[in-house]
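Peer 1:
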Amino acid sequence: MRRWLALLLALLPLAPPVAAAPQAIERVTSPGGVVAWLIRQPEVPVIGLRFSIEGGARAEPADKPGTARLMADLLDEGAGPLDAQAFQLRLEELAVELNFSAGRDELSGGLRTLARNREDAFRLLGQALAEPRFEEGAIARAKRQIHNELLRQQEDPQSIARRAWAEAVFAGEAYGRPADGTPQSLAALSRDDIVAYHRQRVARDRLAVGVAGDITAAELAPLLDLAFARLPATSAPLADDEQQPRLADKVQVVRRAVPQSAIVFGLPGVKRDDPDWYIAFVLNHILGGGGLTSRLAEAVREKRGLAYSVSSYLVPLDRAGLLMGSAGTVNARVPETLTTIRAELRRLAQDGPSEQELADAKTFLNGSFALQLVGSGRLAELLVTLQRRNLGADHLLRRPQLIDAVSAADIARVADRLLRLDRLYVVVVGDPPGV
């Protein structure tokens, strides 16, 4: 049955794209007061739901990193009257795909189901969220899986570099702790720790829900209560203070006997609610977010052959904004790679983009966005983002205008704000000479 759903979902891009105009977004309130945003897609008999509950790893006790990740991995390992095996069997019988994850700032999850199985699917989601069993056997299995993943990360230079960067610039802050925990912290977590986190954090007051697919508002309203109404109305207080990265002009080397070094670098960025967000968005595309056409790729890869891949990306955390980048190169060429990256940052900050670069970036960013508007899962995720970031239902209409309004002078101003070489913190994992 689930194989049939997978085949149907694979065919979804062949269906006519749904234009997510503001009038297509409906605000649905359940009898119990649960709110969701809905976009109807009656063309294919599939429903996608995504949800987000603010908190995530940021809300963990400081001495128990990895709690949120472990709890999220256990939500579909038995719930209500169903043990882990019975719960998974029921999902299989109904062809329901259910998933949960914990990030830095949120617990998220969702489901995909055939429209005819919607009531059972929403009920299973509600059981997983409100009645997880957290059985000791399931906890042990989840710990083993995460432990093995952590061991692999400890051997991966890019993973080591990302973790070392966060620990250095967010020392003593929640963002500086490993979101997945460590082998030691994972082993120390008890069932009581998991239950306590679930009780304090999985609630309705920080909940955002997006739904897309073959369902009406009238049909969705009672199903929202099946999924979410039994959660507590309020969660424990969550610290809302900003977490300022301690950035400085520094290169930190983590020595590893590997032939190729992993480079991770970071600068000040912008949060999603910053008025300069779309200017930074276009700036990043020109700098390193535009693939092989970006300045970093052209200078580092195409002209000098220093690295196979190099990129930059915005990281809009809830309590901090970052502009990050990464590259990989042989140890001997790390100094030249870092010099080239710094030169491109300086050049863009001093000279700004060309008119052609700016026009090309706008065309790509507006054109590629249409890919996010096809398929129930992507649409549901987008609806959650609109709510979490307080962007408004009309944002989908305003987005192209906001991008088109970005000028070269805007880019120059924000580049001067963000591309600060005196705040460029770099971590290199490898064995580079002279660094």
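The sequence shown: position 328 = 320 (my numbering), numbered continuously.
Every residue gets a Cβ at the ideal spot worked out from N, C-alpha and C, and that includes glycine.
1. Could you tell me the alpha carbon to alpha carbon distance between residue 386 and residue 333, rounded to whole angstroms?
2. Pop quiz: residue 422 and residue 204 are said to be a contact at Cβ under 8 Å. What is the actual Cβ separation, rounded to whole angstroms?
3. If distances are taken between C-alpha atoms only, which option among 64, 307 and 217 comes closest to residue 45?
4. Suppose you measure from the CA of residue 13 to the CA of residue 212; what does that come to, to the nearest Å?
5. Run through DSSP, which three-state label would residue 208 get?
6. Quick check for students: name the residue ranges of the beta strand (DSSP E) that lie wholly in the region 77 to 164, counting only runs of 3 or more.
7. In the region 316 to 359, which residue ranges form an unbroken beta strand (DSSP E) of at least 3 residues, counting only runs that do not cross its ends?
8. Mind the definition here: the region 51 to 69 touches the region 181 to 199 only if three or more C-beta pairs lie below 8 Å; say whether that holds.
9. Is residue 207 near residue 402, with beta carbons less than 8 Å apart?
10. Report yes if the CB atom of residue 40 is closer than 8 Å to the CB atom of residue 130, and no otherwise.
11. Tell me, please, which residues DSSP counts as bridged to residue 421.
12. Can you find at least 3 beta carbon pairs, one from the region 222 to 236 and one from the region 306 to 323, that sit closer than 8 Å?
13. Answer with buried or exposed for residue 25, where buried requires no fewer than 16 other C-beta atoms within 10 angstroms of its C-beta.
14. Which residues does DSSP list as the beta-bridge partners of residue 43?
15. Using the Cβ count rule (16 or more neighbours within 10 Å means buried), how would you classify residue 111?
16. Start and end of the beta strand (DSSP E) containing residue 304?
17. Quickly, what does DSSP pair residue 29 with across the bridge? List them, please.
18. Taking all protein chains shown into account, decide if residue 424 is buried (16 or more other Cβ within 10 angstroms of its Cβ) or exposed.
19. Assign residue 240 to buried or exposed, taking buried as 16 or more other Cβ atoms, counted over all protein chains shown, within 10 Å of its Cβ.
20. Considering only the alpha carbon of each residue, which of 22, 23 and 156 lies closest to residue 243?
21. Just verifying my parser: in three-state terms, what is the DSSP assignment at residue 237?
22. Have a look at residue 55 and residue 393 and give me their C-alpha separation to the nearest angstrom.
23. For residue 165, which of 201, 114, 96 and 226 has the nearest alpha-carbon?
24. Which word fits residue 78, buried or exposed, when buried means at least 16 other C-beta atoms lie within 10 angstroms of its C-beta?
Peer 2: Working from what's here:
1. To locate residue 386, count along the sequence shown from 1; it is residue 394. To locate residue 333, count along the sequence shown from 1; it is residue 341. Answer to the nearest angstrom: the Cα atoms are 38 Å apart.
2. Residue numbering aside, residue 422 sits at position 430 when the sequence shown is read from its first letter. Residue numbering aside, residue 204 sits at position 212 when the sequence shown is read from its first letter. Going by Cβ atoms, the distance from residue 422 to residue 204 rounds to 44 Å, so no, they are not a contact pair.
3. On the sequence shown, position 53 is the one that residue 45 refers to. It is 64 whose Cα lies nearest to the Cα of residue 45.
4. Reading the sequence shown from its first residue, position 21 is the one you call residue 13. Reading the sequence shown from its first residue, position 220 is the one you call residue 212. Any answer about residue 13 is weak, because its pLDDT of 44 lies below 50 and its placement is not dependable; what the coordinates show is given next. Going by the C-alpha atoms only, they are around 20 Å apart.
5. Along the sequence shown, read from residue 1 onward, the residue named residue 208 stands at position 216. Note: residue 208 maps to coil in three-state DSSP.
6. 89 to 94 and 98 to 106
7. none
8. yes
9. Here the question's residue 207 lines up with position 215 in the sequence shown. Here the question's residue 402 lines up with position 410 in the sequence shown. Not a contact, by the Cβ cut-off of 8 Å.
10. Locating residue 40 in the sequence shown gives position 48, where the first residue counts as 1. Locating residue 130 in the sequence shown gives position 138, where the first residue counts as 1. Not in contact: residue 40 and residue 130 (Cβ atoms no closer than 8 Å).
11. On the sequence shown, residue 421 is found 429 positions in, with the first residue counted as 1. According to DSSP, which records beta bridges pairwise, residue 421 is partnered with 246 and 254.
12. yes
13. On the sequence shown, position 33 is the one that residue 25 refers to. That one is exposed.
14. Along the sequence shown, read from residue 1 onward, the residue named residue 43 stands at position 51. Beta-bridge pairing links residue 43 to 101 and 201.
15. Here residue 111 corresponds to residue number 119 of the sequence shown, with the count starting at 1. The residue in question, residue 111, is exposed, as its Cβ has fewer than 16 Cβ neighbours within 10 Å.
16. Within the sequence shown, the letter at position 312 stands for residue 304. Unbroken beta strand (DSSP E) run through residue 304: 302 to 308.
17. Residue 29 sits at position 37 when you count from the first residue of the sequence shown. In the DSSP output, where bridge partners are listed per residue, residue 29 has 19 and 202.
18. The residue you call residue 424 lines up with position 432 of the sequence shown. Classification of residue 424: buried, given that the 10 Å Cβ count is 16 or more.
19. Mapped onto the sequence shown, residue 240 falls at position 248. Exposed, since its Cβ has fewer than 16 Cβ neighbours within 10 Å.
20. The residue labelled residue 243 in the question sits at position 251 within the sequence shown. Answer by Cα proximity: 156.
21. Looking up residue 237 in the sequence shown gives position 245. Looking at residue 237 - three-state DSSP - the assignment turns out to be coil, as it is neither helix nor strand.
22. Translated into the one-based positions of the sequence shown, residue 55 becomes position 63. Translated into the one-based positions of the sequence shown, residue 393 becomes position 401. If you take the alpha carbons of residue 55 and residue 393, they lie about 46 Å apart.
23. Indexing the sequence shown from 1 puts residue 165 at position 173. Among 201, 114, 96 and 226, the Cα nearest to that of residue 165 belongs to 96.
24. In the sequence shown, counting from the first residue as 1, residue 78 sits at position 86. Classification of residue 78: exposed, given that the 10 Å Cβ count is below 16.
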